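Enquirer:
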């Protein structure tokens, strides 16, 4: 619960917009990936996109999250990823222990029990079965759906992170920022990537300010000189 609440709070409170890092047009170069955003009337850094809901450009924008009510970008990507992970862990924990309870209470009668399992919320709300057993079954099914959904969501986003892409770049087949899974993870989790996933309160500074990004070509050149 500490990890869920903590990561949610940090994800919401982080300012992911490009406002703090606005650069003048004279300094920004098109070849570096900077471009003019007509909505913000400002120059936008590479990998940033304008969000119509937040009404601002987001630094390394991944997507606008309907659950947190804010955009997921460079500064709060770590917290969103860990939020999804720990919700999955919590839902799995709930599912595991609810199994013992629910199947000791539920009397299986075909086909009625199948209908109750498929439509637990409708059966309970519309009064077809307002017993405590049906209420327990409804909570159980919610935990199952939550576990499957957050599990699939975490797998989807951790694959994006390991491949060095965000949702927009995946859709457009942009892979030039993929500098290896380990460095890609460091870009999201920060310098203390190996331990910061334990708690949201563990400080893990990001590797850079999110304005200038290593590409596959530049990363290979730097690797040769190490």
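Residue numbers (the UniProt record's numbering): 1 to 226.
The C-beta atom is built at its ideal place from N, Cα and C for all residues, glycine as well.
On a predicted model such as this, the values are computed, not experimentally measured, just so you know.
Could you check where the alpha helix (DSSP H) with residue 9 kicks off and where it finishes?
Expert: The residue given as residue 9 occupies position 9 in the chain shown. Run containing residue 9: 2-13, per the alpha helix (DSSP H) assignment.
Enquirer: Does the region 155-165 come close enough to the region 71-89 that 3 or more CB-CB pairs lie under 8 Å?
Expert: They touch, by the three-pair rule.
Enquirer: Could you tell me if residue 126 is buried or exposed, where buried requires 16 or more neighbouring beta carbons within 10 angstroms of its beta carbon?
Expert: Locating residue 126 in the chain shown gives position 126, where the first residue counts as 1. Counting Cβ neighbours within 10 Å, residue 126 comes out exposed, since fewer than 16 surround it.
Enquirer: Is the beta carbon of residue 117 less than 9 Å from the beta carbon of residue 148?
Expert: Residue numbering aside, residue 117 sits at position 117 when the chain shown is read from its first letter. Residue numbering aside, residue 148 sits at position 148 when the chain shown is read from its first letter. No, Cβ-Cβ distance for residue 117 and residue 148 is not below 9 Å.
Enquirer: Please go through the same chain and pick out, in chain order, the residues whose beta-carbon is closer than 7 Å to the beta-carbon of residue 95, but skip the five residues on each side of it.
Expert: Against the chain shown, residue 95 aligns to sequence position 95. If we look at residue 95 and ignore the five residues flanking it on each side, its Cβ neighbours are 143, 144 and 147.
Enquirer: Report the CB separation of residue 20 from residue 211 in whole angstroms; it is logged as a contact under 8 Å.
Expert: By one-based count along the chain shown, residue 20 stands at place 20. By one-based count along the chain shown, residue 211 stands at place 211. Contact doesn't hold; Cβ gap of about 11 Å is too wide.
Enquirer: Is the Cβ-Cβ distance between residue 82 and residue 184 less than 9 Å?
Expert: Counting from 1 along the chain shown, the entry for residue 82 is found at position 82. Counting from 1 along the chain shown, the entry for residue 184 is found at position 184. Contact: no.
Enquirer: To test your reading of the DSSP string, which unbroken alpha helix (DSSP H) runs of 4 or more residues are found completely within the UniProt domain "Palmitoyltransferase DHHC" (32-172)?
Expert: Within the UniProt domain "Palmitoyltransferase DHHC" (32-172), the complete alpha helix (DSSP H) runs of at least 4 residues are 77-105, 112-118, 120-125, 132-162 and 167-171.
Enquirer: Restricting to Cα atoms, I'd like to know which of 135, 41 and 181 is closest to residue 102.
Expert: For the purposes of this step, residue 102 is taken as residue 102 along the chain shown, with counting starting at 1. Of the listed residues, the one whose Cα sits closest to residue 102 is 135.
Enquirer: Which whole-angstrom value describes the C-beta separation of residue 193 and residue 186, a residue pair presumed to lie in contact below a C-beta threshold of 8 Å?
Expert: Residue numbering aside, residue 193 sits at position 193 when the chain shown is read from its first letter. Residue numbering aside, residue 186 sits at position 186 when the chain shown is read from its first letter. That belief holds up - the Cβ atoms of residue 193 and residue 186 are roughly 5 Å apart, short of 8 Å.
Enquirer: Name the DSSP beta bridge partners of residue 227, please?
Expert: This structure gives no information on residue 227, because the portion of the chain shown stretches from 1 to 226.
Enquirer: Near residue 73, which residues of its chain fall below 6 Å by C-beta distance, leaving aside the five closest residues on each side in sequence?
Expert: By one-based count along the chain shown, residue 73 stands at place 73. Counting only Cβ-Cβ distances below 6 Å, and skipping sequence neighbours, we find 16, 58, 59, 60 and 61.
Enquirer: Is residue 181 helix, strand or coil by DSSP?
Expert: Here residue 181 refers to the residue found at position 181 when the chain shown is read from its first residue. Residue 181 falls in the helix class under three-state DSSP.
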